[in-house]
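The listed protein sequences correspond, in order, to chains A and B.
Take 1 as the starting number for the first sequence in the numbering used here and just add one per residue.
Take 332 as the starting number for the second sequence in the numbering used here and just add one per residue.
The structure under discussion appears below in the form of structure tokens.
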Amino acid sequence: MSNDLLIVENLQKFFVTSRGTVRAVDDVSFTVKEGETLGIVGESGSGKSTVAYTIIGLHAPTGGRVTFDGKDMSTGISKRPRSLKRLLQIVFQDPGTSLNPRRTIEQILSLPLQVHGVGTRRGRRNSVIELLKRVELPANYLFKSPHALGGGERQMVAIARALATDPRLMILDEPTSALDVSIQAKIINMLCGFQDDMNLTYLFITHDLSLMRNVASRVAIMYLGKVYELASTDEFFERPLQPYTKMLLSSIPVVLPEEEAVKPPLIVSEGEIPSPVNVPPGCAFHTRCPEMHEDCDADEPRLVEVKEGHFVRCHKCAAPIVAESAAAGKE
Amino acid sequence: MSDHVLRIADLHVEFKVFEGRLKVLNGIYMDVGPGARVGLVGEAGCGKTTMMRCILGILQSPPGKITNGTILFHDQNILKMSQANLQRMRGGGISMIFQDPVAALNPVFTVGDQLTSVIRYAATKKMDKKQIRRRAIKALGDVQLPDPDRMFASYPVQLSGGMRQRVCIAMALATEPKLMIADEPTTALDVTIQAQVLRLLNALVEERSTSVIFITHSLGVVKEMADWVYVMYAGNIVEGATKEILFERPLHPYTRGLLGALPKLTGGGMAEGIPGRIPDYLNPPTGCRFNPRCSRAMQMCSGDRPGLSEVGPDHRVACYLYGGDANVE
Numbered sequence: 001m002s003n004d005l006l007i008v009e010n011l012q013k014f015f016v017t018s019r020g021t022v023r024a025v026d027d028v029s030f031t032v033k034e035g036e037t038l039g040i041v042g043e044s045g046s047g048k049s050t051v052a053y054t055i056i057g058l059h060a061p062t063g064g065r066v067t068f069d070g071k072d073m074s075t076g077i078s079k080r081p082r083s084l085k086r087l088l089q090i091v092f093q094d095p096g097t098s099l100n101p102r103r104t105i106e107q108i109l110s111l112p113l114q115v116h117g118v119g120t121r122r123g124r125r126n127s128v129i130e131l132l133k134r135v136e137l138p139a140n141y142l143f144k145s146p147h148a149l150g151g152g153e154r155q156m157v158a159i160a161r162a163l164a165t166d167p168r169l170m171i172l173d174e175p176t177s178a179l180d181v182s183i184q185a186k187i188i189n190m191l192c193g194f195q196d197d198m199n200l201t202y203l204f205i206t207h208d209l210s211l212m213r214n215v216a217s218r219v220a221i222m223y224l225g226k227v228y229e230l231a232s233t234d235e236f237f238e239r240p241l242q243p244y245t246k247m248l249l250s251s252i253p254v255v256l257p258e259e260e261a262v263k264p265p266l267i268v269s270e271g272e273i274p275s276p277v278n279v280p281p282g283c284a285f286h287t288r289c290p291e292m293h294e295d296c297d298a299d300e301p302r303l304v305e306v307k308e309g310h311f312v313r314c315h316k317c318a319a320p321i322v323a324e325s326a327a328a329g330k331e
Numbered sequence: 332m333s334d335h336v337l338r339i340a341d342l343h344v345e346f347k348v349f350e351g352r353l354k355v356l357n358g359i360y361m362d363v364g365p366g367a368r369v370g371l372v373g374e375a376g377c378g379k380t381t382m383m384r385c386i387l388g389i390l391q392s393p394p395g396k397i398t399n400g401t402i403l404f405h406d407q408n409i410l411k412m413s414q415a416n417l418q419r420m421r422g423g424g425i426s427m428i429f430q431d432p433v434a435a436l437n438p439v440f441t442v443g444d445q446l447t448s449v450i451r452y453a454a455t456k457k458m459d460k461k462q463i464r465r466r467a468i469k470a471l472g473d474v475q476l477p478d479p480d481r482m483f484a485s486y487p488v489q490l491s492g493g494m495r496q497r498v499c500i501a502m503a504l505a506t507e508p509k510l511m512i513a514d515e516p517t518t519a520l521d522v523t524i525q526a527q528v529l530r531l532l533n534a535l536v537e538e539r540s541t542s543v544i545f546i547t548h549s550l551g552v553v554k555e556m557a558d559w560v561y562v563m564y565a566g567n568i569v570e571g572a573t574k575e576i577l578f579e580r581p582l583h584p585y586t587r588g589l590l591g592a593l594p595k596l597t598g599g600g601m602a603e604g605i606p607g608r609i610p611d612y613l614n615p616p617t618g619c620r621f622n623p624r625c626s627r628a629m630q631m632c633s634g635d636r637p638g639l640s641e642v643g644p645d646h647r648v649a650c651y652l653y654g655g656d657a658n659v660e
């Protein structure tokens, strides 16, 4: 399709450790359309951050392809042309560690401008003030250092830094998990505003499903390095199919009775998340699945499209369609 | 005997720093009844942890200093207790679950070593080694850890996050305390594991009728865990009510802002946050500390500090909008 800005195909990222190979990301495929927000949810160890880091180039993928705007980006960051790097930016989770404590805000914000040769040296201070203005911070913050700022303001600076190079795709890796709810609302609203103004595309990573409901246009759920369900946000929250999705949705503590009403019936969560070094055979979720049946620990289910745009990885809920496609594949 | 396990009145705490004094706690009132499950909600930096440290008598001093107030635990003032009595109280009377189970457990001792030492310290009568061990194994079984005998001999690094937090819960409850303080016990855990741990905690405290203070920043978690909720802002309790009242009819502008800022599972976009940030404790705003961020602030809000006043049955608010009048809104 022409309007797919980012295409990820069969992406794999393994880490070799002394205790075995960690299959952090194993065969992940998705596309992100221009101007949309794709949310990736998952618990710790599900590989959601590794997906982000591999796309941005912090890790070279073990296998698979990443295509951005029609150009292959399956290499590590050092082999990418600088003009491409400019178009992809990332905001990390913890603004306390992603900003250099020994630099002033002006130095932090002018570095990306220098590297990518945006504007002239003389005009740079004005560009930085302009950036600060966009994230609603006063110009006198130029001379402050990150430690003098509150957590929310630091994250604003990190966002301003990502916006500096006029990117097309921004990866937001849990941008508000370290912040309080009152500040979270402000930052999310600001991010939505930038998206509208600049036609930005977001890859939004979070473990907070309530937040996801309000920001994403499509949601992918990951478990132990694989995508288990992918659907439009409305479909995902109204008609979840995968038992893991249902378990996760029914485990969220919520406040309002109307929220309680949209949660699927409680699936009591049991068991531990297995280690990604020893991913269970078959469907990785079978050890905790309330609807497990005999095939689940032997065959690995595939991610199948059960409805237009709604993909599920499950033997049971996608069984009829799996059989059909398998028959078609043999012919 | 009063009918309160814990009663905090007019607690003030200051921290002395180079620039002056940080007035962190500014007159805290809180009651915890027997078997009550009390939730304490507040954002980062509002003084939740400082308050909890005062209750346990582990406030670092200097720089911290309790300048006024009383904390009564079973009618005994904790602030005037001797070190020996405090030590005894911390073992058997009040126990604690910390946020980060990785930091709360000593990595070089086995789970069993740490658990037995807690039981030994808190024992009121002499127990022999076998009895202590039996009690420790039972505590591990109570928190539904599989194979308690093996757990007893394991080191914390061999356990997952959820299991380590279960060990901490076992430790906190093994001594059968009257009051348990849980400081963000599930913040470091995943959602599905959080649901398990909350369910377990609820069952355990109900069974033992232990009083609990549940400290958290998550309103959703409070709703699952507490019967009575206190909302804290910048060193003050701004609202206290039963769970039903607080979530259905919140009154204080801060509580409303906090509830409004939560992303909803029903969708509909993000609400507005609360403008501004938590005040500087060196020069806190006079009067109500929320007044610079409050959309309904009046002239008198920056005058004297509003006290907690009863606005209805089981509902107390510190705000001039509702001062003494139960029928507002």
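The beta-carbon is built from N, C-alpha and C at its ideal position, and this holds for glycine as well.
1. On the DSSP letters alone, give me the boundaries of the beta strand (DSSP E) that residue 352 of chain B sits inside.
2. Are residue 199 of chain A and residue 39 of chain A close, meaning C-beta to C-beta below 8 Å?
3. If you compare alpha carbons, which of B/598, B/356, B/541, B/385 is closest to residue 511 of chain B?
4. Report the rounded CA-to-CA distance for residue 341 of chain B versus residue 94 of chain A, giving the unit in angstroms.
5. Let me check one thing: in DSSP terms, what residues is residue 305 of chain A bridge-paired to?
6. Quick check on residue 595 of chain B: buried or exposed, where buried means 16 or more other Cβ atoms within 10 Å of its Cβ?
7. Using a C-beta to C-beta distance shorter than 9 Å, which residues of chain A count as neighbours of residue 432 of chain B?
8. Rounding to the nearest angstrom, what Cα-Cα distance links residue 507 of chain B and residue 427 of chain B in this structure?
9. Say whether chain A places a C-beta atom closer than 8 Å to the C-beta of residue 601 of chain B.
10. Any C-beta of chain A within less than 9 Å: which residues of the stretch 539-566 of chain B qualify?
11. Unbroken alpha helix (DSSP H) runs of length 4 or more, entirely within the stretch 92-132 of chain A: which are they?
12. Using DSSP's beta-bridge definition, name the partner residues of residue 287 of chain A.
13. Grouping DSSP H, G and I as helix and E and B as strand, with all else coil, what is residue 648 of chain B?
14. According to DSSP, is residue 513 of chain B part of a helix, a strand, or is it coil?
15. What does a CB cutoff of less than 7 Å around residue 638 of chain B pick up in its chain, not counting 5 residues either side in sequence?
16. At 8 Å on the CB atoms, spell out the chain A contacts of residue 464 of chain B, in chain order.
17. Which residue's Cα is closest to the Cα of residue 396 of chain B: B/441, B/509, B/402, B/354?
18. Taking only three categories from DSSP, how would you classify residue 580 of chain B?
19. Under 7 Å between beta-carbons, which chain B residues line up against residue 258 of chain A? List them in chain order, please.
20. Would you mind working out which of A/133, A/134, A/61, A/3 sits nearest residue 338 of chain A, comparing C-alpha positions?
21. Can you find the residues in the same chain that come closer than 8 Å, C-beta to C-beta, to residue 332 of chain B, ignoring five residues on each side of it along the sequence?
22. Using the C-alpha atoms, what's the distance from residue 363 of chain B back to residue 339 of chain B?
23. Comparing the C-beta of residue 252 of chain A with each C-beta of chain B, is any distance below 8 Å?
24. Which parts of the stretch 527-571 of chain B are runs of the alpha helix (DSSP H), unbroken and 4 residues or longer, counting only runs that do not cross its ends?
25. State the start and end residues of the unbroken beta strand (DSSP E) segment that holds residue 232 of chain A.
26. According to DSSP, is residue 247 of chain A part of a helix, a strand, or is it coil?
27. Report all residues from its chain with a CB closer than 7 Å to the CB of residue 376 of chain B; omit the five preceding and five following residues, and keep chain order.
28. DSSP beta-bridge partners for residue 68 of chain A?
29. Using 8 Å as the cut-off, can you tell me whether the stretch 211-225 of chain A makes contact with the stretch 596-603 of chain B, which would need three or more C-beta pairs spanning the two stretches below that distance?
30. So for residue 613 of chain B, helix, strand or coil by DSSP?
31. Using the beta-carbon count (16 or more within 10 Å), is residue 114 of chain A buried or exposed?
32. Just to confirm, is the Cβ distance from residue 64 of chain A to residue 9 of chain A under 8 Å?
33. Name the one or two DSSP bridge partners that residue 408 of chain B has.
34. Taking the C-alpha atoms as reference points, what is the distance between residue 233 of chain A and residue 264 of chain A?
35. Buried or exposed for residue 266 of chain A, going by 16 or more other Cβ atoms inside 10 Å?
36. Enumerate, from N- to C-terminal direction, the unbroken beta strand (DSSP E) stretches of 3 or more residues contained entirely within the stretch 36-62 of chain A.
According to the structure data:
1. 351-363
2. Not in contact: residue 199 of chain A and residue 39 of chain A (Cβ atoms no closer than 8 Å).
3. B/541
4. 36 Å
5. Residue 305 of chain A is bridged to A/311.
6. buried
7. Under the 9 Å cutoff, chain A gives no residues; its nearest Cβ is about 14 Å from residue 432 of chain B.
8. Cα to Cα, the separation comes out at about 12 Å.
9. yes
10. 548, 549, 550, 551, 552, 553, 554, 555, 556
11. 95-98, 105-115
12. Residue 287 of chain A pairs with nothing; no bridge assigned.
13. strand
14. strand
15. 649
16. Ordered by position in chain A, no residue passes the 8 Å Cβ test against residue 464 of chain B, which lies about 26 Å from the chain.
17. B/354
18. coil
19. 597
20. With chain A covering 1 to 331 only, the question about residue 338 of chain A has no answer from this structure.
21. Bear in mind that the predicted position of residue 332 of chain B carries a pLDDT of just 46, short of 50, making it unreliable; the figure below should be weighed with that in mind. Around residue 332 of chain B: 405, 406.
22. Spanning the two alpha carbons is a distance of roughly 9 Å.
23. Judged by the 8 Å Cβ criterion, residue 252 of chain A is in contact with chain B.
24. 550-556
25. In the DSSP assignment, residue 232 of chain A falls within the beta strand (DSSP E) that extends over 226-232.
26. Residue 247 of chain A sits in a helix when the DSSP states are folded into three classes.
27. 609
28. According to DSSP, residue 68 of chain A bridges with A/6, A/71.
29. yes
30. Reduced to three states, the DSSP call for residue 613 of chain B is coil.
31. exposed
32. yes
33. B/403
34. Roughly 15 Å between the two C-alpha positions.
35. In this structure residue 266 of chain A is exposed. Its beta-carbon is surrounded by fewer than 16 other beta-carbon atoms within 10 angstroms.
36. 37-42
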